[in-house]
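Peer 1:
There are 2 protein chains.
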Amino acid sequence: MTYCLGITTKDGFVAASDSRTNAGYDQVNVCRKMHLFEMPGDRVFVAMTSGSLSCSQSVVTLLRKDFESGKGLAAVETMYEAARCVGEQVRRVSELDRKALEQDGYKVNVHVILAGQIRGQPHDVYMIYPQGNPLRATEDSPFVQIGECKYGRPILDRGVRFDTTSLEEAARYALISIDSTLRSNVTVGPPVDLLVYARDEFNLDRRRRFRDRDPDFTAIHSQWEQALRQAVAALPAVDFPPDAER
Amino acid sequence: MTYCLGITTKDGFVAASDSRTNAGYDQVNVCRKMHLFEMPGDRVFVAMTSGSLSCSQSVVTLLRKDFESGKGLAAVETMYEAARCVGEQVRRVSELDRKALEQDGYKVNVHVILAGQIRGQPHDVYMIYPQGNPLRATEDSPFVQIGECKYGRPILDRGVRFDTTSLEEAARYALISIDSTLRSNVTVGPPVDLLVYARDEFNLDRRRRFRDRDPDFTAIHSQWEQALRQAVAALPAVDFPPDAER
Numbered sequence: 049m050t051y052c053l054g055i056t057t058k059d060g061f062v063a064a065s066d067s068r069t070n071a072g073y074d075q076v077n078v079c080r081k082m083h084l085f086e087m088p089g090d091r092v093f094v095a096m097t098s099g100s101l102s103c104s105q106s107v108v109t110l111l112r113k114d115f116e117s118g119k120g121l122a123a124v125e126t127m128y129e130a131a132r133c134v135g136e137q138v139r140r141v142s143e144l145d146r147k148a149l150e151q152d153g154y155k156v157n158v159h160v161i162l163a164g165q166i167r168g169q170p171h172d173v174y175m176i177y178p179q180g181n182p183l184r185a186t187e188d189s190p191f192v193q194i195g196e197c198k199y200g201r202p203i204l205d206r207g208v209r210f211d212t213t214s215l216e217e218a219a220r221y222a223l224i225s226i227d228s229t230l231r232s233n234v235t236v237g238p239p240v241d242l243l244v245y246a247r248d249e250f251n252l253d254r255r256r257r258f259r260d261r262d263p264d265f266t267a268i269h270s271q272w273e274q275a276l277r278q279a280v281a282a283l284p285a286v287d288f289p290p291d292a293e294r
Numbered sequence: 049m050t051y052c053l054g055i056t057t058k059d060g061f062v063a064a065s066d067s068r069t070n071a072g073y074d075q076v077n078v079c080r081k082m083h084l085f086e087m088p089g090d091r092v093f094v095a096m097t098s099g100s101l102s103c104s105q106s107v108v109t110l111l112r113k114d115f116e117s118g119k120g121l122a123a124v125e126t127m128y129e130a131a132r133c134v135g136e137q138v139r140r141v142s143e144l145d146r147k148a149l150e151q152d153g154y155k156v157n158v159h160v161i162l163a164g165q166i167r168g169q170p171h172d173v174y175m176i177y178p179q180g181n182p183l184r185a186t187e188d189s190p191f192v193q194i195g196e197c198k199y200g201r202p203i204l205d206r207g208v209r210f211d212t213t214s215l216e217e218a219a220r221y222a223l224i225s226i227d228s229t230l231r232s233n234v235t236v237g238p239p240v241d242l243l244v245y246a247r248d249e250f251n252l253d254r255r256r257r258f259r260d261r262d263p264d265f266t267a268i269h270s271q272w273e274q275a276l277r278q279a280v281a282a283l284p285a286v287d288f289p290p291d292a293e294r
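So the sequence lines, in the order shown, correspond to chains A and B. Each number in our numbering corresponds to the 1-based position in the first sequence with 48 added. Each number in our numbering corresponds to the 1-based position in the second sequence with 48 added.
And the structure:
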């Protein structure tokens, strides 16, 4: 399994991903799921993938090949075209592998999050479905998730707002959301990759990889757990008045 | 969908359930999922159900019929036997309905949480699978959930401990866990039923139903959301030192 998320705010975007892959219980591996496409000063993209590693690797390989020869993500003019461009490669891999996979009972199930900005255009975060169609994160729904989404969703629902959440805060929300998922689900695992991009920056330098037991990540984890317990303790007591409905 | 949970601690147990049922988008109804079986002073049981309402209703009806004639839950001697007794009715309904349901593509998928105590015995919380086999909540895993479990799980993982969590706190954790699920998932809905049982009490009077916009529930919801935002704001800032791994 996998957990990746992208958050967009008025100031930029945050991307975060775990690194656990597995094919059955015996083949558990570490694999970076965050892929960068950078033409500093002109355009930047971050792609994160979930689904069968073989298929998602193929999608990234094809995107990379085009990008390096000045095509695909290197040539698109808007983020919508960029998302469509990713969708085309998802469809291409689906065509290449679907028949062989399905006849042995496997599914083609690649999801991609694409965040980025092209000079002269607003930054954007998209989720691309396994069918290749893109969904844009909006002011009302400013984050997208792929993989094991549910554990890490409540904290995002409570706190992330397009207009008022700073990038700094969005980065903390992303780490907490991933930490909650790591805590509750064994198929999501470290290292955690985090990237923060401020609008019109046009480079992807503010990145960091948190390995297992990273002291900074551990500090956030511990302080968060403590704060949650204190917040529960500070809640009003639950009463059972005799005239309450039962 | 449904969300029910049972928490056991050294002092007793807490049970909580939502009330939304649906058969497609047009048939959304309210239905109590918490069922009480009480012989005050001698034994008490709370059963909560998820899965097809038709099947789970049948299970409760059969349990009730036996109970009222002094059999089944009225006659068992341990909580393990009580859980087995529920499992038997789950299997009976499965036998009654499985064939007809499956031939039209439906599944028999009743899960039950059974919490209770019989005089002279310790209190216990069980989850009964659709196949009828029981799983007991333990000191190490002091809660069980059925239905839409994932959104409400991280807060339980962080805070609920068999030895140290008071019943009062466990009740708040249960409400927050349900509130997180209501917030993030539209298939779980109010009213919320909450029950707190202190060991050796042998009655189920500490109960309450929170309807939509209940002022006490709303107060907990708002204070919790505020506390979470403050806790995020108080976390250490995420640094990107130049020598950090990327």
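Glycine residues also receive a C-beta, built at the ideal position from the N, C-alpha and C atoms. As the structure is a prediction and not an experimental result, all values here were calculated from the model.
Please report how far the alpha carbon of THR56 of chain A lies from the alpha carbon of GLU217 of chain A, in whole angstroms.
Peer 2: In the first sequence, the residue the question calls residue 56 of chain A occupies position 8. In the first sequence, the residue the question calls residue 217 of chain A occupies position 169. Looking at the two C-alpha atoms, the distance is approximately 12 Å.
Peer 1: Mind listing the chain B neighbours of PRO284 of chain A? Cutoff is C-beta to C-beta under 9 Å, in chain order.
Peer 2: Sequence index remark: in the first sequence, residue 284 of chain A carries index 236 (1-based). Here the neighbours are ARG220, ASP264, ALA267, ILE268 and GLN271.
Peer 1: Report buried or exposed for SER214 of chain B, applying the criterion of at least 16 other Cβ atoms within 10 angstroms of its Cβ.
Peer 2: For this step, residue 214 of chain B is matched to residue 166 along the second sequence. Per the 10 Å Cβ criterion, exposed.
Peer 1: What residue range does the alpha helix (DSSP H) around ASP241 of chain B cover?
Peer 2: Locating residue 241 of chain B in the second sequence gives position 193, where the first residue counts as 1. Element bounds for ASP241 of chain B: not the alpha helix (DSSP H) but the beta strand (DSSP E), 240-246.
Peer 1: Return no unless some Cβ of chain A is closer than 9 Å to the Cβ of THR229 of chain B.
Peer 2: In the second sequence, residue 229 of chain B corresponds to position 181, counting from 1. Judged by the 9 Å Cβ criterion, THR229 of chain B is in contact with chain A.
Peer 1: Using a threshold of 9 Å, state whether the C-beta atoms of CYS133 of chain A and ASP145 of chain A are closer than that.
Peer 2: By 1-based counting over the first sequence, the position of residue 133 of chain A is 85. By 1-based counting over the first sequence, the position of residue 145 of chain A is 97. Not a contact, by the Cβ cut-off of 9 Å.
Peer 1: What residues from chain D crowd round PHE85 of chain B, counting only those whose CB sits closer than 8 Å?
Peer 2: Looking at the structure shown, chain D is missing, and the protein chains on hand are A and B.
Peer 1: Taking the alpha-carbon of VAL94 of chain A as reference, which of A:VAL156, A:ALA131, A:LEU162 and A:LYS58 has the nearest alpha-carbon?
Peer 2: Your numbering for residue 94 of chain A matches position 46 in the first sequence. Of A:VAL156, A:ALA131, A:LEU162 and A:LYS58, the residue nearest in Cα terms is A:LEU162.
Peer 1: Please compile the residues from chain B whose C-beta is within a distance smaller than 7 Å of the C-beta of PRO202 of chain A.
Peer 2: On the first sequence, residue 202 of chain A is found 154 positions in, with the first residue counted as 1. Going along chain B in sequence order, the residues near PRO202 of chain A (Cβ under 7 Å) are TYR199, SER228, ARG231 and SER232.
Peer 1: Going straight from the alpha carbon of TYR245 of chain A to that of PRO284 of chain A, what length do you get?
Peer 2: Reading the first sequence from its first residue, position 197 is the one you call residue 245 of chain A. Reading the first sequence from its first residue, position 236 is the one you call residue 284 of chain A. Approximately 39 Å, taken between the alpha carbons.
Peer 1: For THR69 of chain B, which residues of its own chain have a beta-carbon under 7 Å away from its beta-carbon, when the five flanking residues on both sides are left out?
Peer 2: As a working note, residue 69 of chain B is residue 21 in the second sequence. Answer for THR69 of chain B: ASN77, CYS79 and LEU101, listed in chain order.
Peer 1: Please state whether the Cβ-Cβ distance between ASN251 of chain A and GLU86 of chain A is less than 9 Å.
Peer 2: Position 203 of the first sequence, counting from 1, holds the residue named residue 251 of chain A. Position 38 of the first sequence, counting from 1, holds the residue named residue 86 of chain A. In this structure, GLU86 of chain A lies closer than 9 Å to ASN251 of chain A by Cβ.
Peer 1: Of the residues A:ALA275, A:THR235 and A:GLN278, which one's Cα is nearest the Cα of ASP74 of chain A?
Peer 2: Sequence index remark: in the first sequence, residue 74 of chain A carries index 26 (1-based). Here the closest residue by C-alpha is A:THR235.
Peer 1: Mind pulling the chain B residues with CB within less than 9 Å of GLY164 of chain A?
Peer 2: Taking the first residue of the first sequence as position 1, residue 164 of chain A is located at position 116. Neighbours of GLY164 of chain A on chain B: none; closest Cβ ~18 Å, over 9 Å.
Peer 1: So with CB distances below 9 Å, who are the chain B contacts of ASP287 of chain A?
Peer 2: Looking up residue 287 of chain A in the first sequence gives position 239. The answer, in chain order, is ARG256 and ASP264.
Peer 1: Can you name the residues of chain A whose CB is closer than 8 Å to the CB of GLU216 of chain B?
Peer 2: Counting from one through the second sequence, the residue named residue 216 of chain B turns up at place 168. Chain A residues near GLU216 of chain B: ALA285 and VAL286.
Peer 1: Can you tell me whether DSSP reads MET127 of chain B as helix, strand or coil?
Peer 2: The count along the second sequence starts at 1 and reaches residue 127 of chain B at position 79. Here MET127 of chain B sits in helix by DSSP.
Peer 1: What is the rounded straight-line gap between the Cα of GLY168 of chain A and the Cα of ASP59 of chain A?
Peer 2: On the first sequence, position 120 is the one that residue 168 of chain A refers to. On the first sequence, position 11 is the one that residue 59 of chain A refers to. Near 15 Å, if we compare the C-alpha coordinates of ASP59 of chain A and GLY168 of chain A.
Peer 1: For a contact defined as C-beta to C-beta under 9 Å, what are the partners of SER207 of chain B on chain A?
Peer 2: Within the second sequence, the letter at position 159 stands for residue 207 of chain B. The displayed chain sequence assigns Gly, not Ser, to residue 207 of chain B. The answer, in chain order, is GLU273, LEU276, ARG277 and VAL280.
Peer 1: Do you know offhand how far ARG256 of chain A's Cα is from ASP262 of chain A's?
Peer 2: Counting from one through the first sequence, the residue named residue 256 of chain A turns up at place 208. Counting from one through the first sequence, the residue named residue 262 of chain A turns up at place 214. Near 11 Å, if we compare the C-alpha coordinates of ASP262 of chain A and ARG256 of chain A.
Peer 1: Determine the direct distance from the alpha carbon of LEU242 of chain A to that of LEU223 of chain A, and round the result to whole angstroms.
Peer 2: In the first sequence, residue 223 of chain A corresponds to position 175, counting from 1. In the first sequence, residue 242 of chain A corresponds to position 194, counting from 1. Those two C-alpha atoms are separated by around 8 Å.
Peer 1: In its own chain, which residues sit with a C-beta less than 7 Å from the C-beta of SER225 of chain A, not counting the 5 before and 5 after it?
Peer 2: Reading the first sequence from its first residue, position 177 is the one you call residue 225 of chain A. Around SER225 of chain A: LEU53, GLY200, ILE203 and LEU204.
Peer 1: Compare the Cα-Cα distances from MET82 of chain B to each of B:VAL107, B:PRO88 and B:GLU129 and report the closest residue.
Peer 2: Stepping through the second sequence from its first residue, residue 82 of chain B is reached at position 34. Among B:VAL107, B:PRO88 and B:GLU129, the Cα nearest to that of MET82 of chain B belongs to B:VAL107.
Peer 1: Using a Cβ cut-off of 9 Å (strictly closer), state whether GLU293 of chain B contacts chain A.
Peer 2: Sequence index remark: in the second sequence, residue 293 of chain B carries index 245 (1-based). Yes, because at least one Cβ of chain A sits closer than 9 Å to the Cβ of GLU293 of chain B.
Peer 1: Just to confirm my understanding: we take PRO182 of chain A, look at its own chain, exclude 5 residues before and 5 after, and list those with CB closer than 6 Å. What are they?
Peer 2: Position 134 of the first sequence, counted from the start, is the residue given in the question as residue 182 of chain A. Within the same chain, PRO182 of chain A has close Cβ partners ALA131, GLY135, TYR174 and ILE176.
Peer 1: So, is the C-beta of ASP211 of chain B closer than 9 Å to a C-beta in chain A?
Peer 2: Taking the second sequence and counting its residues from 1, one reaches residue 211 of chain B at position 163. False, the Cβ-Cβ gap to chain A never drops below 9 Å.
Peer 1: Please go through the stretch 86-162 of chain B and give each complete beta strand (DSSP E) segment of 3 or more residues, from N-terminal end onward.
Peer 2: Within the stretch 86-162 of chain B, the complete beta strand (DSSP E) runs of at least 3 residues are 91-98.
Peer 1: For ARG139 of chain A, which residues in the same chain have their Cβ closer than 6 Å to its Cβ, ignoring the five residues on either side in sequence?
Peer 2: Numbered from 1 along the first sequence, position 91 holds the residue referred to as residue 139 of chain A. So the qualifying residues of the chain are GLY180.
Peer 1: By the three-class DSSP mapping on this structure, what secondary structure does ARG184 of chain B have?
Peer 2: If you number the second sequence from 1, residue 184 of chain B lands on position 136. Correct three-state label for ARG184 of chain B: strand.
Peer 1: For a contact meaning CB atoms closer than 9 Å, what does LEU223 of chain B contact in chain A?
Peer 2: Position 175 of the second sequence, counting from 1, holds the residue named residue 223 of chain B. Within 9 Å Cβ-Cβ: LEU283 and VAL286.
Peer 1: Could you tell me which chain B residues have their CB closer than 9 Å to the CB of LEU242 of chain A, listed as they occur along the chain?
Peer 2: The residue labelled residue 242 of chain A in the question sits at position 194 within the first sequence. Near LEU242 of chain A (Cβ distances below 9 Å), the residues of chain B are VAL286 and PHE288.
Peer 1: Is DSSP giving THR235 of chain A helix, strand or coil here?
Peer 2: On the first sequence, residue 235 of chain A is found 187 positions in, with the first residue counted as 1. Coil.
Peer 1: Have a look at ALA148 of chain B and GLU273 of chain A and give me their C-alpha separation to the nearest angstrom.
Peer 2: Translated into the one-based positions of the second sequence, residue 148 of chain B becomes position 100. Translated into the one-based positions of the first sequence, residue 273 of chain A becomes position 225. The alpha-carbon atoms of ALA148 of chain B and GLU273 of chain A are separated by roughly 48 Å.
Peer 1: Can you tell me which of the three DSSP states VAL173 of chain A falls into?
Peer 2: Residue 173 of chain A sits at position 125 when you count from the first residue of the first sequence. In this structure, VAL173 of chain A counts as strand in the three-state DSSP scheme.
Peer 1: Can you give, in chain order, each stretch of the beta strand (DSSP E) that sits fully within the stretch 185-210 of chain B and has at least 3 residues?
Peer 2: Runs found: 191-195.
Peer 1: Could one say the Cβ of ARG184 of chain A lies closer than 9 Å to chain B's Cβ atoms, at least one of them?
Peer 2: Looking up residue 184 of chain A in the first sequence gives position 136. No, ARG184 of chain A does not count as interfacial toward chain B.
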